[in-house]
Amino acid sequence: MFGGDPTRVAEANSVAVIGLGRFGQSLALELMAKGTEVLGIDGDEEIVQSLNGQLTHVVMGDSTKEQTLRQLGLPEFDRVVVAIGSDIQASILTTSLLLRFDIEHVWAKAVSDAHGTILEQLGVKHVIYPEKDMGKRVAHLVRGAMQDYIEIGENFALVKTRPGQAVIGKPLGEAQIRSRYGVTITAYRPAGQDWNYTTADTVIQADDTILVAGPTQKAEAFSQLT
Numbered sequence: 001m002f003g004g005d006p007t008r009v010a011e012a013n014s015v016a017v018i019g020l021g022r023f024g025q026s027l028a029l030e031l032m033a034k035g036t037e038v039l040g041i042d043g044d045e046e047i048v049q050s051l052n053g054q055l056t057h058v059v060m061g062d063s064t065k066e067q068t069l070r071q072l073g074l075p076e077f078d079r080v081v082v083a084i085g086s087d088i089q090a091s092i093l094t095t096s097l098l099l100r101f102d103i104e105h106v107w108a109k110a111v112s113d114a115h116g117t118i119l120e121q122l123g124v125k126h127v128i129y130p131e132k133d134m135g136k137r138v139a140h141l142v143r144g145a146m147q148d149y150i151e152i153g154e155n156f157a158l159v160k161t162r163p164g165q166a167v168i169g170k171p172l173g174e175a176q177i178r179s180r181y182g183v184t185i186t187a188y189r190p191a192g193q194d195w196n197y198t199t200a201d202t203v204i205q206a207d208d209t210i211l212v213a214g215p216t217q218k219a220e221a222f223s224q225l226t
């Protein structure tokens, strides 16, 4: 249930997404929007039909079968995302097959810590926890004055927030933000304008938006300063 030859996609700037639930669909459609060719695979005929014409190729198939994956050219891909969440056994079997194909980059969605541990033990280098990660991110946003929050690694974050009085109206070199608060203001955006990198001479105004980088607790605390 697809147009053209899906094996051709592997020759292009392409990604295969296996499992087209809410996460898989969102990922696949975003990749398409960014100009990446996508082969989508799912066992649900209704889902496949709904995405026909929206992805480069979309196929109904059982990803736990080696023959199916070979027929679809999966061994030729170097980037595959296993987005199966509702069936942990299918996720593990599919991932195991992909690793046997020696695919260079395999991302696999985990729905629990135990699931993630099994995927890591199989040899998956990129285990992702969409629900868990989003929950942590929203918790930080709810607690603080941040407009957006991205955690980078175990204890480092990038925070989008409004500036407090500690930085308003004086060059950043004089404000000594890093030595006083343990964070760095990396960029700023004046109201109605584009983002700019900061320098020691940058003067932040009250209606600017700033990006703050630093240890998670310090970046969160800095965003709460008034």
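Take 1 as the starting number for the sequence shown in the UniProt record's numbering and just add one per residue. Just so you know, even glycine gets a beta-carbon here, dropped at the ideal spot from N, CA and C.
Separation of Glu120 from Thr22, as counted between CA atoms: Here residue 22 turns out to be Arg, not Thr, going by the sequence shown. CA-to-CA, the gap between Arg22 and Glu120 works out to about 23 angstroms.
How big is the Cα-Cα spacing for Gly182 and Lys218? Each residue's alpha carbon lies about 6 angstroms from the other.
Look at the alpha carbon of Gly3 and the alpha carbon of Leu51, and state the distance between them as a whole number of angstroms. With a pLDDT of only 47 at Gly3, under the threshold of 50, the placement of this residue in the model should not be trusted; the figure read from the coordinates follows. Answer to the nearest angstrom: the Cα atoms are 12 angstroms apart.
Using DSSP bridges, identify the partner residues of Lys160. Residue pairing by DSSP places Lys160 opposite Asp148 and Leu211 in a beta bridge.
Which residues mark the beginning and the end of the beta strand (DSSP E) in which Thr198 is found? Element bounds for Thr198: n/a, residue is neither H nor E.
What does DSSP give as the partner residues of Ile41 in its beta bridges? For Ile41, which the question treats as bridged, DSSP gives the partners Ile18 and Val59.
How about Ile92 and Ile118: are their beta carbons less than 9 angstroms apart? One thing to note: Ile92 has its Cβ within 9 angstroms of the Cβ of Ile118.
Using a Cβ distance threshold of 8 angstroms, determine whether the stretch 103-111 contacts the stretch 40-54, with at least three qualifying pairs required. Counting C-beta pairs with one atom in each stretch, the stretch 103-111 and the stretch 40-54 have fewer than three that are closer than 8 angstroms, which means they do not touch.
Of the choices Ser63, Leu99 and Arg189, whose alpha-carbon is the least far from that of Val124? Ranking the options by Cα distance to Val124, first place goes to Leu99.
Return the CA-CA distance between Thr198 and Ala16, expressed in angstroms with no decimal places. Spanning the alpha carbons of Thr198 and Ala16 requires a straight line of approximately 39 angstroms.
Taking all protein chains shown into account, decide if Ala200 is buried (16 or more other Cβ within 10 angstroms of its Cβ) or exposed. Exposed is the call here.
Val142 by DSSP, collapsed to three states: which one? Of the three classes helix, strand and coil, the one that applies to Val142 here is helix, per DSSP.
Measure the beta-carbon distance from Thr39 to Thr56 and round it to whole angstroms, keeping in mind my assumption that it falls under 8 angstroms. The sequence given here has Leu at residue 39, not Thr. Indeed they touch by this definition, with Cβ atoms about 7 angstroms apart.
Between the Cα of Asp102 and those of Val59, Arg79, Ala83 and Ala191, spot the shortest distance and give me the residue it belongs to. It is Arg79.
Buried or exposed: which applies to Leu74, given that a residue is buried once 16 or more other Cβ atoms fall within 10 Å of its Cβ? Counting the other Cβ atoms within 10 Å of the Cβ of Leu74 gives 16 or more, which makes it buried.
Only counting the same chain, and skipping five residues up and downstream in sequence, which positions put a Cβ closer than 6 angstroms to that of Val203? If we look at Val203 and ignore the five residues flanking it on each side, its Cβ neighbours are Pro171.
Three-state class that DSSP yields for Val48 in the structure shown: In the three-state scheme derived from DSSP, where H, G and I count as helix and E and B as strand, Val48 is classed as helix.
In three-state terms, what does DSSP make of Tyr181? Tyr181 falls in the helix class under three-state DSSP.
Please report how far the alpha carbon of Tyr149 lies from the alpha carbon of Arg189, in whole angstroms. Taking the Cα positions, Tyr149 is about 16 angstroms away from Arg189.
Specify the secondary structure class of Pro130 as computed by DSSP and reduced to three states. Look at Pro130 here: in three-state DSSP terms it is helix.
Using the beta-carbon count (16 or more within 10 Å), is Val142 buried or exposed? Burial is judged here by how many other beta carbons sit within 10 angstroms of a residue's own beta carbon; Val142 has fewer than 16 and is exposed.
Inter-residue CB distance, Leu122 and Ser96 (contact presumed, cutoff 8 angstroms): Under the criterion of beta carbons closer than 8 angstroms, Leu122 and Ser96 qualify as touching, at roughly 6 angstroms.
Below 9 angstroms between beta carbons: does that hold for Ile185 and Leu158? Their beta carbons are not under 9 angstroms apart, which means Ile185 does not touch Leu158 by this criterion.
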